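For the sequence shown, the numbering used here begins at 515 and goes up steadily by one. Idealized CB from N, CA, C, for every residue including glycine. Because the structure is a prediction, the values reported are computed rather than measured.
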Amino acid sequence: YLRYELSDISNFPAFALSMVVIIFLGGIPLNFYFRKREWNADKFALKITQKGDAFITSMAKFTNRDLADAYPYPLIEFLFYTHPSIGKRINYAQNFKKKIGLKCKKIIL
515 YLRYELSDIS NFPAFALSMV VIIFLGGIPL NFYFRKREWN ADKFALKITQ KGDAFITSMA
575 KFTNRDLADA YPYPLIEFLF YTHPSIGKRI NYAQNFKKKI GLKCKKIIL
């Protein structure tokens with residue numbers, strides 16, 4: 515008969531693979547939650563400061579300094595990003611400025 519125990523080293527690959535799958539699948543809802551919180555933080559910052567240009571400039575600097583992808587593939591963003599993509603954040607800030615009637619600089623990444 516076959517006997518399986520956690521102490522048996524031959525079971526480790528199956529255990530490791532199952533943990534990778536659990537952590538990956540568990541990360542998807544956590545990343546969604548973190549992205550939602552970041553959207554709310556961005557909205558709050560723009561409403562309080564009314565400084566959309568400063569926000570847009572700082573996001574553009576993050577992209578250039580970190581060589582980040584401003585517009586990642588949507589599936590990659592959904593699965594792995596804990597923050598909204600910088601391109602989406604800049605677009606939101608530009609639309610927010612138009613909505614409240616402030617002039618808006620156009621930044622192309």
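In terms of residue numbering, what span does the alpha helix (DSSP H) encompassing residue i cover?
i	result
Tyr547	Phe526 to Thr563
Ala574	Gly566 to Asp580
Gly601	Ile600 to Ile614
Ile590	Pro588 to Phe594
Enumerate in chain order the residues of its own chain whose CB-to-CB distance from residue i is below 6 Å, with the five nearest sequence positions on each side excluded.
i	result
His597	Glu552
Any idea if residue i is buried or exposed, counting beta-carbon neighbours within 10 angstroms, 16 or more meaning buried?
i	result
Leu560	buried
Asp556	buried
Gln564	exposed
Gly615	exposed
Arg603	buried
Met533	exposed
Leu544	exposed
I'd like the list of long-range same chain contacts for residue i, defined as Cβ closer than 7 Å, with 5 residues on each side in sequence excluded.
i	result
Tyr585	Ser599 and Gly601
Using 8 Å for Cβ pairs, my map puts residue i next to residue j. What's the rounded Cβ distance?
i	j	result
Ala607	Phe546	Not confirmed; about 21 Å, so no contact.
Gly566	Lys613	Going by Cβ atoms, the distance from Gly566 to Lys613 rounds to 10 Å, so no, they are not a contact pair.
Arg549	Tyr595	7 Å
Enumerate in chain order the residues of its own chain whose CB-to-CB distance from residue i is below 8 Å, with the five nearest sequence positions on each side excluded.
i	result
Ile542	Phe592 and Leu593
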